[in-house]
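Visitor: Chains A and Y, in that order, are what the protein sequence lines are.
Under this note's numbering, the first sequence has 160 at position 160, and the numbering climbs by one with no breaks.
Under this note's numbering, the second sequence has 1060 at position 60, and the numbering climbs by one with no breaks.
Backbone N, C-alpha and C define an ideal beta-carbon position, used for all residues, glycine too.
Here the structure is a predicted model, which means the values were calculated and not measured.
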Amino acid sequence: MIPDLLFLAFSAGILLGATLVIAARNPMVGVMGMILTFLNAAGLFILFGAEFLGLLTIMVYVGAIAVMFLFVLMTIDIDYIKLKEGFAPYLPAGLLVVALLAAELILAAAHSPAQLTPVVVVGQGPQPQNVVALGQVLFTTYALPFQIAGFILLTAMVGAIVLTHRPRNDVKRQNVTAQVLRKREDAMVLTRPKTGAGATAKHWNPKSVAKKVKA
Amino acid sequence: MFFTLTLTHVLTLSAVLLAMGLAGIVLNRRNIITILMCLELILLSVNINLVGASHFRVDLTGQIFSFFILTVAAAELAIGLAIVTLFFRNKGTVEIDAAGLMKD
């Protein structure tokens, strides 16, 4: 009874958020709709006994992805209203095609053999916690895909940095190589100018002066 | 009770969400950022599918796959948003129509 109602509530939240994403004039509102969608999806996952995935969804999608979207939206300056032009003319055809697809998918789901699987009541007998059970499978059977997933994330991180990094020439920064390769002779002159001659003295040649000074 | 939760309901929700994501891509086809958000919706519908099946079949495999999809979605989005930023820096817009460099 209560899980069924919760499912309906979460579904309503998900679809409302998705509608916001599609129809929002301001993408900022769209991101908020996306957050709503993902929070409700996390609730759905927890309802289905997948606590770990539910919390992970909140962390990854709301904590990282939505923030990334907001960051990009705030960084770039665009006239979004202009981009929204051309929404109306394609509305009927697009909705028709997509509604057809949805109807087909729903019909297929209703007649799929997955339907025949009896519903097993979860919670009977001692069952390992979701996180424990996931860990036991993830680190043994799926250890290699798990490592590959890590490498995919690493590649994505390096790729994003390489793509967006630009060397800036207008900023002064330390050049370590030049600092280390610098010699005393290039930078400093020890000299004994005659009184009154000063820096305009004839022998203003660092290397020769250095030799002279040494001698 | 007028409504009992079965796998079909979950699959239906997932199908509707997938259709909405596709509709978003078709309708907002000029704005790359909205298209990326709609891609996330589609991936979420896949995740709902997998987790629902995992729940009703009492099999953890669905959750494992959902976990990997989450990983790939995050990686894809990081790269996608980097490309959007780069695109905006070069073209001054995020319009898909501006991405016609091969034509020129």
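1. Do you know how far the Cα of Y/Gly-1062 is from the Cα of Y/Ser-1054?
2. What residues in the region 1061-1088 of chain Y bring their beta carbon closer than 7 Å to a beta carbon of chain A?
3. Output, in sequence order along the chain, the residues in the region 1020-1043 of chain Y whose CB is closer than 8 Å to any CB in chain A.
4. Counting only beta-carbon separations shorter than 7 Å, does A/Ile-58 have a partner in chain Y?
5. With a threshold of 7 Å between beta carbons, is A/Gly-196 in contact with chain Y?
6. Give every residue of the same chain whose Cβ lies closer than 7 Å to the Cβ of Y/Val-1046, excluding the five residues on either side of it in the sequence, and list them in chain order.
7. I'd like to know whether the C-beta of Y/Leu-1013 is nearer than 7 Å to at least one C-beta of chain A.
8. With a threshold of 6 Å on Cβ separation, who are the neighbours of A/Ile-35 within its own chain once the five nearest residues in sequence on each side are excluded?
9. Roughly how far, in whole angstroms, is the beta-carbon of Y/Ala-1015 from the beta-carbon of A/Val-98, given that I think they are within contact range, below 8 Å?
10. Who are Y/Glu-1095's beta bridge partners in DSSP?
11. Quick one, are the C-beta atoms of A/Ala-41 and A/Ile-2 less than 7 Å apart?
12. Does any residue of chain B have a CB that is nearer than 7 Å to the CB of A/Val-21?
13. For A/Pro-27, does the count of other Cβ atoms within 10 angstroms reach 16, so buried, or fall short, so exposed?
14. Give the range of the alpha helix (DSSP H) segment to which A/Thr-177 is assigned.
15. So which residues on chain A does Y/Val-1094 lean against when the C-beta distance must stay under 8 Å?
16. Return helix, strand or coil for A/Ile-76, following the three-state DSSP convention.
17. For Y/Arg-1029, count the other beta carbons within 10 Å of its own beta carbon; 16 or more makes it buried, fewer makes it exposed. Which is it?
18. Closer than 8 Å by C-beta to A/Leu-95: which residues in its own chain qualify, once you throw out the five before and the five after it? Chain order, please.
19. Can Y/Ala-1078 and A/Ala-93 be called in contact, C-beta distance under 7 Å?
20. Could you say which of A/Gly-54, A/Ser-11 and A/Pro-89 lies nearest to A/Val-131 if we only look at CA atoms?
21. Quick check on A/Leu-190: buried or exposed, where buried means 16 or more other Cβ atoms within 10 Å of its Cβ?
22. Quick check: what's the CA-CA separation for A/Ala-108 versus A/Ala-88?
23. Could you check the C-alpha separation between A/Phe-52 and Y/Leu-1060 for me, to the nearest Å?
24. Grouping DSSP H, G and I as helix and E and B as strand, with all else coil, what is A/Tyr-61?
25. Between Y/Val-1072 and A/Ile-152, which are expected to be in contact by the criterion C-beta below 8 Å, what is the C-beta distance as a whole number of angstroms?
26. For Y/Phe-1065, which residues in the same chain have their Cβ closer than 6 Å to its Cβ, ignoring the five residues on either side in sequence?
27. For a cutoff of 7 Å on Cβ pairs, would you count Y/Val-1051 as touching chain A?
28. Looking at the secondary structure, which residues open and close the alpha helix (DSSP H) in which A/Val-137 lies?
29. For A/Thr-140, would you say it is in contact with chain Y, using Cβ-to-Cβ distances shorter than 7 Å as the test?
30. Let me know if Y/Asn-1020 comes out buried or exposed under the rule of 16 or more other beta-carbons within 10 Å of its beta-carbon.
31. Could you name the residues of the same chain whose beta carbon sits closer than 6 Å to that of Y/Lys-1091, not counting the 5 residues immediately before and after it, in chain order?
Guide: Taking the structure as given:
1. 5 Å
2. Gln-1063, Ile-1064, Ser-1066, Phe-1067, Phe-1068, Leu-1070, Thr-1071, Val-1072, Ala-1074, Ala-1075, Leu-1077, Ala-1078, Ile-1079, Leu-1081, Ala-1082, Ile-1083, Val-1084, Thr-1085, Leu-1086 and Phe-1088
3. Met-1020, Gly-1021, Leu-1022, Ala-1023, Gly-1024, Val-1026, Leu-1027, Asn-1028, Arg-1029, Arg-1030, Asn-1031, Ile-1033, Thr-1034, Leu-1036, Met-1037, Cys-1038, Glu-1040 and Leu-1041
4. no
5. no
6. Ile-1069
7. yes
8. Val-62 and Ala-66
9. Actually they are not in contact, since the Cβ atoms of Y/Ala-1015 and A/Val-98 sit about 11 Å apart, beyond 8 Å.
10. Y/Asn-1031
11. Cβ distance not < 7 Å, so A/Ala-41 and A/Ile-2 don't count as in contact.
12. Reference to chain B is not applicable here, since the protein chains of this structure are A and Y.
13. buried
14. 176-181
15. Ile-76, Ile-78 and Leu-83
16. coil
17. By the 16-neighbour rule on beta-carbons within 10 angstroms, Y/Arg-1029 is buried.
18. none
19. no
20. A/Gly-54
21. So A/Leu-190 ends up on the exposed side.
22. 30 Å
23. For A/Phe-52 and Y/Leu-1060, the distance between alpha carbons rounds to 12 Å.
24. helix
25. 6 Å
26. Leu-1050
27. yes
28. 130-138
29. no
30. It should be noted that the sequence gives Met, not Asn, for residue 1020 of chain Y. Buried.
31. Ala-1098
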